[in-house]
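Residue numbers (my numbering): 2 to 494. The beta carbon of each residue, even a glycine, is placed where N, CA and C say it ideally should be. Computed from a prediction, not measured in an experiment: that's the story for all the values here.
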């Protein structure tokens, strides 16, 4: 499937991405997950892009070191460029056959360089080092290296765990420093919140007067978070809404170009390609753009480049359509199925005391079955839901109907009475929803590949000021049929 603006290799999946931008080109190294058994070792592959929607696959960049090597699995790291024009990668090496005192596979930091523009890499095995005193040997990964101009040295942040303390709160971002990118000295931890199992894929960057620390919480939430500070050395504080996306979007790291900052993460696949399947490690690359607000907090949304690929507008529901259901439910749907790839923009004017409203995706003719992106003003959140839900047995009460929504797919967002915009990009099994150009929720749509789109309200009133569908010019979008479609809905005017 050609999911333009997203990337997945043939017969494989995208794991953690290591972005590097140089001369306007994004070099996106990523962990190439084949899911083959027996394991063949994890390599880095690389794709390059200039427009963030078309990706050129350059193939394997850093291969597995081999079955007996400490980097049988080449895990996450970072790229830097030194003053002599040499590129350096620092990455995690792991081999299931090499175990530490705790019986778990040892993780080590490893080093390679390139003098030909990142086409080939020379490993420097003598520079390999493992965990230092007080840290577990099996958690010493994701080195992020950056130049600290004020101190005049290189800093390396490392995902680590202390050897002592409550098991779920030993996570720490360890730190080493260097003057030559070869010899590294352990120093005090960069961040030690005594919270979470581990803080994966850490990075820091400065944007204006603010410093940002980004990490992926390896714990019960499995999401990418950020912290803010006026100084590289902290203290770091938590913004009101500190996540980039929900459960399905993970391990995001960023790169900057022309004053714009982009985050590159992956939308997880589900086992068996079913809506009820367990979330899997790795999936499809997805790019989000960050906007810096006046108070330094960040808003996230799809890139303007991705939005620009949907160029064929279709007015799916007439503007100023009002749905009223003070103590019930009302919806309005198209009479034609939506295309497999589309961008939907719905602008709602939500009346006071309204419980819920939102967008239906791939819905049945009567709107009873399908996916729903639901805005809940009283709870201040966007949630993803679907019907029918799974059944745990043959009896009526064994339907999972008491689950209020897909619990790992919830995003907090302010929804005061008034006007709000819900944007949805659907491309095959990928779905990325955005509220007010600031709050993103990504997920998968597997079990229902087709269906209609619509708007709904529950226990309240909403005016649908705009409900537009944009398709791609090269797609059989049935635009003319949709443009002339009639719409049916309960309690609409």
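Burial check for residue 427: the Cβ neighbour count within 10 Å reaches 16 or more, so the residue is buried. Beta-carbon to beta-carbon, residue 285 and residue 76 are separated by about 19 Å, too far to satisfy the 8 Å threshold. Between residue 362 and residue 371 the beta-carbon gap is near 6 Å, inside 8 Å, which marks them as a contact.
Under the criterion of beta carbons closer than 8 Å, residue 378 and residue 418 qualify as touching, at roughly 7 Å. For residue 98, no pairing in a beta bridge is given by DSSP.
Pairwise C-beta distances place the stretch 56-66 out of contact with the stretch 100-109, as fewer than three of them are shorter than 8 Å. Looking at the DSSP output, residue 115 sits in a beta bridge with 88.
Counting every other CB atom within 10 Å of its CB across the protein chains shown gives residue 41 a total below 16, marking it as exposed.
For a cut-off of 8 Å, the C-beta gap from residue 141 to residue 132 is around 4 Å, short enough to register as a contact. Here residue 443 carries a strand assignment [DSSP, helix/strand/coil]. For the pair residue 442 and residue 243, the CB atoms are not nearer than the 9 Å cut-off.
Contact check for residue 63 and residue 45: beta-carbon distance about 4 Å, within the 8 Å limit, so the pair qualifies. Short of 7 Å from the beta carbon of residue 346, and not among the five residues preceding or following it, lie these beta carbons of its own chain, in chain order: 422, 424, 467 and 469.
Measuring C-alpha to C-alpha distances from residue 307 to each of 297, 344, 460 and 295 identifies 344 as the nearest.
For residue 343, DSSP records a beta bridge to 427. The three-state secondary structure of residue 392, taken from DSSP, is strand. Counting along the chain, residue 218 sits inside no alpha helix (DSSP H); it lies in the beta strand (DSSP E) bounded by residues 211-219. For residue 137, the enclosing beta strand (DSSP E) stretches over residues 136-149.
Below 8 Å, too few C-beta pairs join the stretch 253-264 and the stretch 435-451 to call them touching: fewer than three. In the DSSP assignment, residue 306 falls within the alpha helix (DSSP H) that extends over 305-308. Look at residue 247 here: in three-state DSSP terms it is coil, with no helix or strand label. A Cβ-Cβ separation of about 6 Å places residue 410 in contact with residue 248 under the 8 Å criterion. The secondary-structure analysis by DSSP pairs residue 50 across a beta bridge with 27. DSSP places residue 273 within a helical segment (H, G or I) once states are collapsed to three. Taking a contact as a CB-CB distance under 8 Å, the pair residue 202 and residue 191 does not count as one, their CB atoms being some 14 Å apart. Counting every other CB atom within 10 Å of its CB across the protein chains shown gives residue 321 a total below 16, marking it as exposed. Remark: C-beta atoms of residue 241 and residue 329 do not approach each other more closely than 9 Å. Under the three-state reduction of DSSP, residue 296 is assigned to coil, being neither helix nor strand.
By the CB criterion at 9 Å, residue 232 and residue 172 fall outside the cutoff.
If you look at residue 208, you'll find it in the beta strand (DSSP E) that goes 199-208.
Note on geometry: alpha-carbon atoms of residue 309 and residue 238 lie some 35 Å from one another. For residue 149, the CB contacts under 6 Å within the same chain, skipping 5 residues up- and downstream, are 156 in chain order.
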